[in-house]
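Below is one structure, written out as structure tokens, with a few remarks after it.
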Amino acid sequence: MSNAAAQLQPNEGEWQDIEPLLSVRDINKFYAPGKGCGNINFDLYPGEVLGIVGESGSGKSTLLSCLSARLTPDSGQVIYNSEQFGAMDLYACEESQRRVLMRSEWGIVHQHARDGLRMNVSAGANIGERLMAVGERHYGEIREKAAEWLQAVEIDTGRIDDRPSQFSGGMQQRLQIARNLVTHPNLIFMDEPTGGLDVSVQAKLLDLLRNLVSRLGLSVIIVTHDLAVARLLAHRLMVMRRGEVVETGLTDQVLDDPQHPYTQLLVSSILQN
Amino acid sequence: MSMIETTMINVSGVEKSFTLHNQGGASFEVLNNASLQVQAGECVVLHGQSGAGKSTFLKALYANYSVNEGSIVLRDGEQRVDITSALPRRIIALRRQTLGYVSQFLRVIPRVPTLEVVMQPLLDLGVEREICEAKAKELLSRLNVPERLWHLAPSTFSGGEQQRVNIARGFIVDYPILLLDEPTASLDANNRRVVVELIREAKQRGAAIVGIFHDEDIRDAVADRLVDIKAI
Numbered sequence: 121m122s123n124a125a126a127q128l129q130p131n132e133g134e135w136q137d138i139e140p141l142l143s144v145r146d147i148n149k150f151y152a153p154g155k156g157c158g159n160i161n162f163d164l165y166p167g168e169v170l171g172i173v174g175e176s177g178s179g180k181s182t183l184l185s186c187l188s189a190r191l192t193p194d195s196g197q198v199i200y201n202s203e204q205f206g207a208m209d210l211y212a213c214e215e216s217q218r219r220v221l222m223r224s225e226w227g228i229v230h231q232h233a234r235d236g237l238r239m240n241v242s243a244g245a246n247i248g249e250r251l252m253a254v255g256e257r258h259y260g261e262i263r264e265k266a267a268e269w270l271q272a273v274e275i276d277t278g279r280i281d282d283r284p285s286q287f288s289g290g291m292q293q294r295l296q297i298a299r300n301l302v303t304h305p306n307l308i309f310m311d312e313p314t315g316g317l318d319v320s321v322q323a324k325l326l327d328l329l330r331n332l333v334s335r336l337g338l339s340v341i342i343v344t345h346d347l348a349v350a351r352l353l354a355h356r357l358m359v360m361r362r363g364e365v366v367e368t369g370l371t372d373q374v375l376d377d378p379q380h381p382y383t384q385l386l387v388s389s390i391l392q393n
Numbered sequence: 139m140s141m142i143e144t145t146m147i148n149v150s151g152v153e154k155s156f157t158l159h160n161q162g163g164a165s166f167e168v169l170n171n172a173s174l175q176v177q178a179g180e181c182v183v184l185h186g187q188s189g190a191g192k193s194t195f196l197k198a199l200y201a202n203y204s205v206n207e208g209s210i211v212l213r214d215g216e217q218r219v220d221i222t223s224a225l226p227r228r229i230i231a232l233r234r235q236t237l238g239y240v241s242q243f244l245r246v247i248p249r250v251p252t253l254e255v256v257m258q259p260l261l262d263l264g265v266e267r268e269i270c271e272a273k274a275k276e277l278l279s280r281l282n283v284p285e286r287l288w289h290l291a292p293s294t295f296s297g298g299e300q301q302r303v304n305i306a307r308g309f310i311v312d313y314p315i316l317l318l319d320e321p322t323a324s325l326d327a328n329n330r331r332v333v334v335e336l337i338r339e340a341k342q343r344g345a346a347i348v349g350i351f352h353d354e355d356i357r358d359a360v361a362d363r364l365v366d367i368k369a370i
């Protein structure tokens, strides 16, 4: 009996031992009472896709900026486990280290592609620029890799010398993704990546993102107000309201069996088709 | 042959109630002290009236619903995982290779072709594309999904076709634990027989199965045990 009972003990040991990629401790950033985000605590593990959902003004984007070293919080810590620097406190380290992270181990996909691209240089140069920033110098190799990544995001390689301003919104967004992924980042931050796109273009981009994330084992923090996007991409959700996290958990559990009144309201407000 | 039974699912003292905060805080209890054990190679079919909690129970087994009390321990290789307290990433890993769930509804990214939809779960396990594709084609053929549809996205298919695509997707990985939530609800007799075969094959390779089937023929054809949801 005791033997059987012992056997039934869940063995979670090795799962607890894995080091988080990002540890967030008591992050607070308020512009005014209720505007911003506060009391944010979570760990992100390698290969995890975390969705941050909530209505406009709930503090999602502010939080994402704090997590990605673009906005200094009023208090709290963001510890990132870097390949190059080891565990580092993002707001206590050197500015130069943060800049290295931004162009190598991290990727940031903005809602508006024009915020993440250089619109007046070619598609190839947009991708190549990131490679050069991490020390690649050989022109032929850079161009080859740029072409490979254009293909990976389903942009015709014949467009390599065209400027992003000549691309459609969906193509620009895919180019932005290629530019970010070319340096094989460990962690990608995405802010409403499908936000400004037509529904038909959205579906294709979602499929592309889902495949890349699963194939490359990327860790992602994605902010979206679209619960359908969250369901398709995120493993885990954090629901925010007025700057605070009201519920967290496995994506489909949060969406199908929401516990918090606000999450219940959010989920029940979706139009069904 | 070893006769030692391997418990794949061990549910003990599970309670589940729902509270609707935006509807006056109405609360109702669906599962009360539910317990069930399922062995490898065994198919347990849940029955009971509509609204009795069969689907809720199955969703709790998939960690799709949280529970208020009790434990749900699933066997994952040599490990045992209590999914009522496991980390989200542990459950994701469990679902990827151990725990399958087939409902009657297909929920996928729009515009993705049928063949891709079906082979995705196997691709995600890192299996070679050619192998995944061959297995997907075999399942789609067996389930009588016409070949001309394989390269189209299933969103425009009939309800029955979508359902069969969903079944192919659900059976492409040989999950050791399989949860079936009325996967045959609107299939014709011919395709129901195919699903019965698929379930029997899964049992033969040692899968533990918990299912809900309204069709009595299927129930009789696959069930080792019928369990009344009110009695567990």
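Chains A and B, in that order, are what the protein sequence lines are.
Numbered continuously in our numbering, the first sequence closes out at residue 393.
Numbered continuously in our numbering, the second sequence closes out at residue 370.
Positions of the beta carbon are idealized from the N, C-alpha and C atoms, including for glycine.
Is residue i close to chain B, meaning its C-beta is less than 8 Å from at least one C-beta of that chain?
| i | result |
| --- | --- |
| Pro130 of chain A | The predicted position of Pro130 of chain A is uncertain, since its pLDDT is 46 and thus under 50; a value taken from the coordinates is nonetheless stated next. For Pro130 of chain A, the answer is yes, since a Cβ of chain B falls inside 8 Å of its Cβ. |
| Tyr211 of chain A | no |
| Gln197 of chain A | no |
| Gln271 of chain A | no |
| Arg250 of chain A | no |
| Glu274 of chain A | no |
| Ser334 of chain A | yes |
| Leu370 of chain A | yes |
| Glu168 of chain A | yes |
| Gln318 of chain A | Per the sequence shown, the amino acid found at residue 318 of chain A is Asp instead of Gln. It does not: the Cβ of Asp318 of chain A has no partner Cβ on chain B nearer than 8 Å. |
| Arg362 of chain A | no |
Tell me, please, whether the CB atom of residue i is closer than 8 Å to any CB atom in chain A?
| i | result |
| --- | --- |
| Asn206 of chain B | no |
| Pro226 of chain B | yes |
| Asn160 of chain B | yes |
| Asp262 of chain B | yes |
In chain A, which residues lie less than 7 Å from residue i when you measure between Cβ atoms?
| i | result |
| --- | --- |
| Pro248 of chain B | Ala323 |
| Asp366 of chain B | Those within 7 Å of Asp366 of chain B in chain A number zero; the least Cβ separation is about 24 Å. |
| Ile230 of chain B | His355 |
Taking just the CA atoms, how far does residue j sit from residue i?
| i | j | result |
| --- | --- | --- |
| Ser293 of chain B | Val254 of chain A | 43 Å |
| Leu141 of chain A | Tyr200 of chain A | 6 Å |
| Ser140 of chain B | Arg307 of chain B | Because Ser140 of chain B sits at a pLDDT of 48, beneath the cut-off of 50, its placement in the model cannot be relied upon, and the following sentence gives the value as read from the coordinates. Cα-Cα distance, rounded: 32 Å. |
| Arg250 of chain A | Ser224 of chain A | 8 Å |
| Val363 of chain B | Ile356 of chain B | The question names Val, but residue 363 of chain B in the sequence shown is Arg. Arg363 of chain B and Ile356 of chain B: Cα-Cα distance of roughly 13 Å. |
| Asn148 of chain A | Arg190 of chain A | 14 Å |
| Thr371 of chain A | Ile390 of chain A | 16 Å |
| Arg267 of chain B | Met257 of chain B | 8 Å |
| Val265 of chain B | Ile342 of chain A | 27 Å |
| Ser188 of chain B | Leu169 of chain B | 14 Å |
| Phe195 of chain B | Glu168 of chain A | 27 Å |
| Ala369 of chain B | Gly171 of chain A | 39 Å |
| Thr236 of chain B | Leu261 of chain B | 15 Å |
| Ala272 of chain A | Tyr165 of chain A | 25 Å |
Cβ of residue i within 7 Å of any heavy atom in the ligand SAH?
| i | result |
| --- | --- |
| Ser389 of chain A | The model on display carries no ligand, and the ligand SAH is accordingly not part of it. |
Can you list, in chain order, the residues of its chain whose CB lies under 6 Å from that of residue i, leaving out five sequence neighbours each side?
| i | result |
| --- | --- |
| Arg361 of chain A | Gly174, Ser178 and Tyr382 |
| Arg213 of chain B | Met146 |
Can you list, in chain order, the residues of its chain whose CB lies under 7 Å from that of residue i, leaving out five sequence neighbours each side?
| i | result |
| --- | --- |
| Arg145 of chain A | Asn161, Gly196 and Gln197 |
| Phe205 of chain A | Gln217 |
| Val176 of chain B | Met146, Ile147, Val182, Ala346 and Val348 |
At 7 Å on the CB atoms, spell out the chain B contacts of residue i, in chain order.
| i | result |
| --- | --- |
| Glu367 of chain A | None at all; the shortest Cβ gap to chain B is about 11 Å. |
Between residue i and the rest of its own chain, which residues show a CB-CB distance below 8 Å, the 5 nearest in sequence each way excluded?
| i | result |
| --- | --- |
| Gly151 of chain B | Asn171, Ala172, Ser173, Glu207, Gly208 and Ser209 |
| Glu299 of chain B | Val283, Leu287 and Pro292 |
| Leu386 of chain A | Val173, Gly174, Glu175, Leu347, Val359 and Pro378 |
| Pro305 of chain A | Ser224, Glu225, Trp226, Gly227 and Leu338 |
| Asn240 of chain A | Arg283 and Ser285 |
Could you work out which residues of chain B lie near residue i, taking near to mean beta carbons separated by less than 8 Å?
| i | result |
| --- | --- |
| Asp376 of chain A | Lys197, Asn202 and Tyr203 |
| Gln384 of chain A | Leu158, His159 and Asn160 |
| Pro381 of chain A | His159 and Asn160 |
| Ser388 of chain A | Asn160 |
| Ile165 of chain A | The sequence shown places Tyr at residue 165 of chain A, not Ile. The contacting residues are Arg227. |
What in chain B is Cβ-close to residue i, meaning under 9 Å?
| i | result |
| --- | --- |
| Leu295 of chain A | Within chain B, no residue comes near Leu295 of chain A; the closest Cβ sits about 20 Å away, beyond 9 Å. |
| Leu141 of chain A | Simply none; closest approach about 12 Å. |
Please give me, in chain order, every unbroken run of the alpha helix (DSSP H) with length at least 4 that falls completely inside the region 280–346 of chain A. 289–301 and 319–336
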